[in-house]
Amino acid sequence: MEGEGVKAAETEVVQKNDRIAGLDIVRTVAAFFVVCVHFFLNCGYYSAPLEGTAMFFATYGRWLFLTCVPLFLLMTGYFKINKKFGKAHYKSLIPILIAYVVISIIKIIASNYLYGTVYTFSDAVRNILNYQMAWYVGMYISLMLLVPFLNIMWHALDLKMKRILIVSLLFISTLYPLVKFVAPSYWQMLYPLAYYFIGAYIKENQPKIKKWIGLLILAVILLLETIGVFRYSNGAAFKWDFLGAVDNGYNALPIVASTVIVFLCLYNIKVKSKVLCYIFQKISSVSFEIYLFAGIFDAYIYFYAKRYILEGAAFIPYFLPLVLMSFIGALIASLTYKKIYDVIHDFVLSKKANKKV
Numbered sequence: 039m040e041g042e043g044v045k046a047a048e049t050e051v052v053q054k055n056d057r058i059a060g061l062d063i064v065r066t067v068a069a070f071f072v073v074c075v076h077f078f079l080n081c082g083y084y085s086a087p088l089e090g091t092a093m094f095f096a097t098y099g100r101w102l103f104l105t106c107v108p109l110f111l112l113m114t115g116y117f118k119i120n121k122k123f124g125k126a127h128y129k130s131l132i133p134i135l136i137a138y139v140v141i142s143i144i145k146i147i148a149s150n151y152l153y154g155t156v157y158t159f160s161d162a163v164r165n166i167l168n169y170q171m172a173w174y175v176g177m178y179i180s181l182m183l184l185v186p187f188l189n190i191m192w193h194a195l196d197l198k199m200k201r202i203l204i205v206s207l208l209f210i211s212t213l214y215p216l217v218k219f220v221a222p223s224y225w226q227m228l229y230p231l232a233y234y235f236i237g238a239y240i241k242e243n244q245p246k247i248k249k250w251i252g253l254l255i256l257a258v259i260l261l262l263e264t265i266g267v268f269r270y271s272n273g274a275a276f277k278w279d280f281l282g283a284v285d286n287g288y289n290a291l292p293i294v295a296s297t298v299i300v301f302l303c304l305y306n307i308k309v310k311s312k313v314l315c316y317i318f319q320k321i322s323s324v325s326f327e328i329y330l331f332a333g334i335f336d337a338y339i340y341f342y343a344k345r346y347i348l349e350g351a352a353f354i355p356y357f358l359p360l361v362l363m364s365f366i367g368a369l370i371a372s373l374t375y376k377k378i379y380d381v382i383h384d385f386v387l388s389k390k391a392n393k394k395v
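The sequence shown stops at residue 395 when you use our numbering, and every number in between is there.
Okay, here's the thing in structure tokens:
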């Protein structure tokens, strides 16, 4: 769910022509997790009672997949923390907005074809302009506008103050969903800044963890979240006020912990296979477009799947094939869009160059 701006980050290298494979893996995993989260929105999971083994394992997976957006936010901090105020930074938002508008128009046309007239012309314009077609875009654009100023503040702090800043942001924006009687609720929407500065801290300090320990802690966190929501829902449908009052729960402290663990387990992985490196690089280069296109493929896939599969727990055995169909479809569409965009972009630049000559 990153844009071109993140993908400038995004293409950072350790040395000349030596791309960081682990970071491409993180982006690939995050993009795949986005499509996984969409499965739960489309299959009737949230209206089904939380009971039975199938729903338990599905819920366990849901908590893992919910790290998708936080991973992108964390990567934004990792890659953007040294960006300075200037035209280049703000120009990097243009490809994001173009992709958002173009793919949103395609989505509107596809939705009207599938369901009948869902969007009138005025509805379409309004939904695009207020970011209803992709809420993440509005949030990311806003964050990018602040980045140069956030960076000035960050670099003015010493290491101790940076740690205090992160702890303070965690306290005011991520603790309330877990401990409502101590933590304040007012500043929960600041959670993107918490992820941003955590990413910045990781970039500067390059911490390492033993992967088996990280995965063990992650497994325990996911288990506790799953048991907790099962007990809290008490046989009823999923209750959103369990760690999920703000943006699906992206701001909940357990989600923050899971996100950091997933990132630390993946970001420094070295891949020797050139084929695998190429695959991860291609997927990560269109992670933002995958997020946008996935909604279109989800609509068609689940529209027809619901003709043959009952909603709720009956969908769970079909999780992997349905998610893979949507992900692969979105990937192909994204790579196609990127190719067309690059051709047009290069053509426009060549025209401008010829005029100057």
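Cβ atoms here follow ideal geometry from the backbone N, Cα and C, with glycine treated the same way.
- Beta bridge pairing from DSSP links P87 with A275.
- Proximity of the stretch 296-308 to the stretch 342-354 falls short of the contact definition, fewer than three beta-carbon pairs being nearer than 8 Å.
- Using a C-beta cut-off of 8 Å, the stretch 65-81 makes contact with the stretch 104-111, since at least three inter-stretch Cβ pairs fall below that distance.
- Inter-residue distance for A290 and P230 is about 12 Å (C-alpha atoms, whole angstroms).
- For F235, the uninterrupted alpha helix (DSSP H) run begins and ends at Y229 to N243, by DSSP.
- Remark: C-beta atoms of I382 and L360 do not approach each other more closely than 9 Å.
- Using a Cβ distance threshold of 9 Å, V175 and Y234 do not count as a contacting pair.
- The beta strand (DSSP E) runs of length 3 or more contained entirely in the stretch 70-152 do not exist; there are none.
- For S325, the secondary structure class from DSSP, reduced to helix, strand or coil, is helix.
- Looking from the CA of I236, the closest CA among S149, R269, V217 and V294 belongs to V294.
- F301: member of the alpha helix (DSSP H) spanning L291 to L304, first to last residue.
- Spanning the alpha carbons of K122 and T114 requires a straight line of approximately 14 Å.
- Three or more Cβ pairs drawn from the stretch 80-99 and the stretch 271-288 lie within less than 8 Å of each other, which places the two stretches in contact.
- Distance from the CA atom of T264 to the CA atom of F94, rounded to whole angstroms, is 7 Å.
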